[in-house]
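Okay, structure first, notes after.
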Amino acid sequence: MNGWLGLVIMIVLAVGYAGVMIGLSLLLGPKNPTPEKLAPYECGMPAVGDARERHSVKFYLVAMIFLLFDIEIAFLYPWAVALRDLGWAGFVQLVTFFLILSVGYVYVWRKGVLDWGPAARVRHPAERKAA
Amino acid sequence: MIPLSHYLIVSAILFGIGTTGVLVRRNLITILLSIEIMLNAVNLTFIAFGRQLGSVDGQIIVFFVMTVAAAEAAVGLAIVIGLFRHRESLNPDAFASLKW
Amino acid sequence: MMDTPFNAVVPMLCVVFAALAVMMAEAFRGRDEQMALGGLGIVGLVGAAVSSMLLWNRNASSFGVIVADNFGLFVTMTLVIVGVLTIMFSSVVVRRDGLPAGEYYALVLFAVVGMIMMATANDLLVIFIALEILSLAVYVLTGIRRDDPRATEAAFKYFLLGAFSSAFFLYGIAFTYGVSGSTRLDRIGAFLAAQSMSDSPLILVAIGMLLVGFAFKISAVPFHMWTPDAYEGAPAVVTGFMSTGVKAAAFAAFTRVFLSAFEPFSVDWAPMIWILAVATMILGTVVGVAQTNVKRMLAYSSIAHGGYLLVGLIAANDVGKAAILFYLLAYAVTNVAAFGVIALLGTRDAANDELRDFSGLWHGRPALAALMTVCLLSLGGLPPTAGFIGKWYIFSAAVSAGYYGLAIIGVLTSVVSVFFYLRVVVMMYMEERDPGLAAPAHVGGVGMVALVASIVVIFYLGVLPTRVLDLAAESISTIF
Numbered sequence: 108m109n110g111w112l113g114l115v116i117m118i119v120l121a122v123g124y125a126g127v128m129i130g131l132s133l134l135l136g137p138k139n140p141t142p143e144k145l146a147p148y149e150c151g152m153p154a155v156g157d158a159r160e161r162h163s164v165k166f167y168l169v170a171m172i173f174l175l176f177d178i179e180i181a182f183l184y185p186w187a188v189a190l191r192d193l194g195w196a197g198f199v200q201l202v203t204f205f206l207i208l209s210v211g212y213v214y215v216w217r218k219g220v221l222d223w224g225p226a227a228r229v230r231h232p233a234e235r236k237a238a
Numbered sequence: 060m061i062p063l064s065h066y067l068i069v070s071a072i073l074f075g076i077g078t079t080g081v082l083v084r085r086n087l088i089t090i091l092l093s094i095e096i097m098l099n100a101v102n103l104t105f106i107a108f109g110r111q112l113g114s115v116d117g118q119i120i121v122f123f124v125m126t127v128a129a130a131e132a133a134v135g136l137a138i139v140i141g142l143f144r145h146r147e148s149l150n151p152d153a154f155a156s157l158k159w
Numbered sequence: 005m006m007d008t009p010f011n012a013v014v015p016m017l018c019v020v021f022a023a024l025a026v027m028m029a030e031a032f033r034g035r036d037e038q039m040a041l042g043g044l045g046i047v048g049l050v051g052a053a054v055s056s057m058l059l060w061n062r063n064a065s066s067f068g069v070i071v072a073d074n075f076g077l078f079v080t081m082t083l084v085i086v087g088v089l090t091i092m093f094s095s096v097v098v099r100r101d102g103l104p105a106g107e108y109y110a111l112v113l114f115a116v117v118g119m120i121m122m123a124t125a126n127d128l129l130v131i132f133i134a135l136e137i138l139s140l141a142v143y144v145l146t147g148i149r150r151d152d153p154r155a156t157e158a159a160f161k162y163f164l165l166g167a168f169s170s171a172f173f174l175y176g177i178a179f180t181y182g183v184s185g186s187t188r189l190d191r192i193g194a195f196l197a198a199q200s201m202s203d204s205p206l207i208l209v210a211i212g213m214l215l216v217g218f219a220f221k222i223s224a225v226p227f228h229m230w231t232p233d234a235y236e237g238a239p240a241v242v243t244g245f246m247s248t249g250v251k252a253a254a255f256a257a258f259t260r261v262f263l264s265a266f267e268p269f270s271v272d273w274a275p276m277i278w279i280l281a282v283a284t285m286i287l288g289t290v291v292g293v294a295q296t297n298v299k300r301m302l303a304y305s306s307i308a309h310g311g312y313l314l315v316g317l318i319a320a321n322d323v324g325k326a327a328i329l330f331y332l333l334a335y336a337v338t339n340v341a342a343f344g345v346i347a348l349l350g351t352r353d354a355a356n357d358e359l360r361d362f363s364g365l366w367h368g369r370p371a372l373a374a375l376m377t378v379c380l381l382s383l384g385g386l387p388p389t390a391g392f393i394g395k396w397y398i399f400s401a402a403v404s405a406g407y408y409g410l411a412i413i414g415v416l417t418s419v420v421s422v423f424f425y426l427r428v429v430v431m432m433y434m435e436e437r438d439p440g441l442a443a444p445a446h447v448g449g450v451g452m453v454a455l456v457a458s459i460v461v462i463f464y465l466g467v468l469p470t471r472v473l474d475l476a477a478e479s480i481s482t483i484f
């Protein structure tokens with residue numbers, strides 16, 4: 108039974124935290140409803156037209172990058188399970204892994220793939236800094 | 060308990076479906092999907108054998124295969140987009156400027 | 005050098021850090037800033053070479069899955085040579101064709117990392133991951149000229165069949181794991197040697213699947229369909245890189261897997277490889293004769309060379325194993341140089357790789373024509389070049405192992421292949437330059453240095469092969 112206590116506390120905390128947050132925003136948040144705000148949420152765009160339109164290839168890039176970095180999280184779970192047995196050696200190995208990954212992340216970022224503004228990708232990072 | 064052979068048969072069928080898909084489907088995206096099916100069939104085999112042998116190695120291997128599959132999908136889709144820009148088509152028969 | 009568990013991965017780490025540095029440099033580079041990214045790569049490769057020399061005879065092993073035995077280190081050195089030559093040729097091509105320099109060099113270096121990993125891996129799963137690392141990099145390199153529809157098409161064909169074959173390879177690994185309970189080569193070998201496994205069809209399925217996977221990567225007939233297209237569509241310098249580096253790495257892993265882990269089953273797989281070898285030698289040669297595009301012709305020639313290497317694998321005696329290593333080195337240097345010449349002759353808008361583009365080259369660019377001649381003679385296996393010694397040892401290994409048929413077919417196809425190599429030579433010396441063609445391109449400094457260096461190596465291996473042969477024999481004796 109003891110083994111499950113932690114789980115119960117975890118669930119209570121999670122539900123409680125979410126409940127408190129929603130309750131607070133209901134109580135304290137300003138209310139100023141407009142028809143747009145009440146419409147079903149669709150990425151912040153007004154819901155007009157057919158949903159089956161062609162998307163910009165930018166979405167593809169972001170999706171691809173998300174997929175690649177997301178799958179790396181899979182390695183965290185086995186590591187977390189074996190954390191105590193692996194000790195510092197395991198920790199250092201995982202940090203190395205993430206450092207290598209972050210090189211890829213910095214590369215993607217500096218190349219401007221994460222810029223969302225129109226035409227932002229054409230500008231080069233060095234010039235953006237100057238601007 | 061479900062015997063090992065059932066898992067192996069299911070994964071062999073999946074692998075066969077994937078192989079057939081690569082060979083007969085006429086859409087590049089579907090072909091990529093078929094390759095993913097093949098890899099996932101292999102994943103199932105690994106897990107089944109791992110359970111049979113009573114070791115977690117099989118499951119660990121699957122993590123690596125999943126990562127490889129994701130990287131492969133990224134590169135494959137990028138190449139497909141490059142192709143589409145040149146030809147405006149996803150039918151592999153349209154790509155025959157090199158002798159096949 | 006201290007003995008740490010990381011020793012065996014040091015050569016790889018050198019190249020990895022060089023590649024990461026190239027990526028970072030590219031990310032933080034100003035728009036028109038020129039950087040010696042290729043030089044950075046060469047530094048990393050030289051680091052790998054130095055650390056391999058220090059590891060020689062030490063039998064270092066990291067985590068049980070990477071072993072830096074002499075066999076792996078010999079192949080590592082071969083791969084480093086291929087990498088350095090490729091980067092030197094590329095420095096000319098990248099600037100001329102306006103290729104994205106940072107991405108290009110980073111991918112070449114990551115591909116080399118994958119190759120080294122494949123050559124030193126002692127675990128089927130690690131071999132698979134290494135295979136993917138190098139393949140993914142090479143797929144992108146094939147299509148690095150995005151404005152060229154043929155390059156993109158070549159990249160896709162290569163990707164499709166490569167991914168397809170690696171799925172088979174992985175399925176083979178899964179069955180091996182299921183039967184033997186491990187993916188480590190030494191444990192698989194021990195397990196299989198202890199069993200009399202003739203009753204298990206699973207292991208035969210596994211061997212067959214792994215064979216298909218390897219055959220795709222070394223482009224053995226009938227799994228060669230992608231090769232001519234991918235080799236023709238890719239930029240010539242990339243073709244040189246993948247026809248040698250990928251083949252060397254795949255052969256190293258192939259040899260290691262089949263001669264150590266699956267040795268007890270050689271009765272079963274030797275006939276399969278026999279058929280592959282014969283088909284590969286014959287088809288590569290016969291179809292090569294019919295080609296009018298030099299790049300495509302060399303693609304078929306590289307298929308045929310894969311067949312000769314398979315002969316060494318079947319013979320599998322001491323001479324044969326050492327001959328594989330020597331042949332890999334000789335073939336790698338020669339082929340990179342030959343494709344280097346083609347790459348240097350191209351321009352941004354025209355590949356200049358048709359047979360008639362070589363007409364009268366001797367009159368316009370005598371040095372280049374002479375260097376190309378040496379490469380072609382070495383590929384054809386004529387003395388006093390590296391190719392001759394390589395073929396000599398492969399075939400004598402086949403004879404001493406009793407495979408007379410293979411040796412005879414090998415010699416006959418070599419003779420036929422000389423015909424199509426000499427056709428290019430005749431074109432260069434005897435024909436007048438087609439007046440409709442532009443004058444051959446001028447060749448810059450670094451490319452010429454790389455060419456001359458590879459010619460020196462070809463002659464060194466051809467005239468004084470003893471030292472390298474001894475090294476090869478020494479490397480093979482430590483593991484098998």
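Protein chains in written order, with this note's numbering: chain A, 108 to 238; chain B, 60 to 159; chain C, 5 to 484. Note that the Cβ used here is the ideal one computed from N, Cα and C, for glycine as well.
S66 (chain C): member of the beta strand (DSSP E) spanning A64 to S66, first to last residue. By the 16-neighbour rule on beta-carbons within 10 angstroms, W195 (chain A) is exposed. Contact holds between the region 139–149 of chain C and the region 112–121 of chain C, because three or more Cβ pairs, one in each stretch, are under 8 Å apart. DSSP places A294 (chain C) outside any alpha helix (DSSP H), giving it a letter other than H or E. By the C-beta density criterion, Y124 (chain A) is exposed, having fewer than 16 other C-beta atoms within 10 angstroms.
Along the region 323–381 of chain C, the beta strand (DSSP E) does not occur as any fully enclosed run of 3 or more residues. Contact between Y175 (chain C) and M213 (chain C) holds, with the beta-carbon distance rounding to 5 Å and staying under 8 Å. Its Cα nearest to that of Y335 (chain C), the residue C:G310 stands out among C:L128, C:D353 and C:G310. In the DSSP assignment, A72 (chain C) falls outside any alpha helix (DSSP H) and within the unbroken beta strand (DSSP E) covering I70 to A72.
Counting the other CB atoms within 10 Å of its CB gives A354 (chain C) a total below 16, which places it among the exposed residues.
The beta-carbon of A125 (chain C) is placed no less than 9 Å from the nearest beta-carbon of chain A.
Taking the C-beta atoms as reference points, I46 (chain C) is found no nearer than 9 Å to I120 (chain C). For T126 (chain B), the residues of chain A that pass the 8 Å Cβ criterion are I178, E179, A181 and F182, in the order they occur in the chain. Distance from the CA of E107 (chain C) to the CA of E30 (chain C), rounded to the nearest whole angstrom, comes to 8 Å. Residue contact check for T79 (chain B) against chain C: no CB pair falls below 9 Å. The beta carbon of L98 (chain B) does not come within 9 Å of any beta carbon belonging to chain A, so the residue lies off that interface. At least 9 Å separates the beta-carbon of G288 (chain C) from that of I398 (chain C). Of the residues assessed, E147 (chain B) falls on the exposed side of the cut-off, its CB having fewer than 16 other CB atoms within 10 angstroms.
Taking 9 Å as the upper bound on Cβ-Cβ separation, chain C lies near residues Y214, V215, W216, R217 and K218 of the region 214–225 of chain A. Annotated three-state conformation of D127 (chain C) is strand, per DSSP. Looking at the DSSP output, R188 (chain C) bridges to C:D127. Taking 9 Å as the cut-off, the beta carbon of V19 (chain C) is found no closer than this to the beta carbon of L58 (chain C).
Residue burial annotation: R471 (chain C) is exposed, with fewer than 16 other C-beta atoms found within 10 angstroms of its C-beta. Residues of the region 149–175 of chain C with a C-beta less than 7 Å from any C-beta of chain B: R150, P153, R154, T156, E157, A158, A159, F160, F163, L164, A167, F168, A171, L174 and Y175, listed in chain order. Among the CB atoms of chain A, none fall inside 9 Å of the CB of F114 (chain C).
Taking all protein chains in view, the Cβ of D101 (chain C) is crowded by 16 or more other Cβ atoms within 10 Å, so the residue is classified as buried. DSSP, reduced to helix, strand and coil, places R149 (chain C) outside both helices and strands of the structure shown, so it counts as coil. Residues of chain C with a Cβ closer than 9 Å to the Cβ of I207 (chain A) are, in chain order, V20 and L24. Assigned with DSSP and collapsed to three states, S114 (chain B) falls in coil, not helix or strand. Per the Cβ contact rule, the region 159–170 of chain C is in contact with the region 227–243 of chain C (3 or more Cβ pairs under 8 Å).
Counting only residues of its own chain and dropping the five nearest sequence neighbours on each side, V467 (chain C) has a CB closer than 8 Å to the CB of P388. Shown here, K144 (chain A) sits in a helix according to DSSP, grouped into three states. With respect to the C-alpha of L111 (chain C), the residue from C:V209, C:A22, C:D357 and C:S382 having the closest C-alpha is C:A22.
With respect to the 9 Å criterion, A171 (chain C) and F74 (chain B) are classified as neighbours on the basis of their beta carbons. For E435 (chain C), the three-state secondary structure derived from DSSP is coil. DSSP places S404 (chain C) inside the alpha helix (DSSP H), whose first and last residues are A390 to S404.
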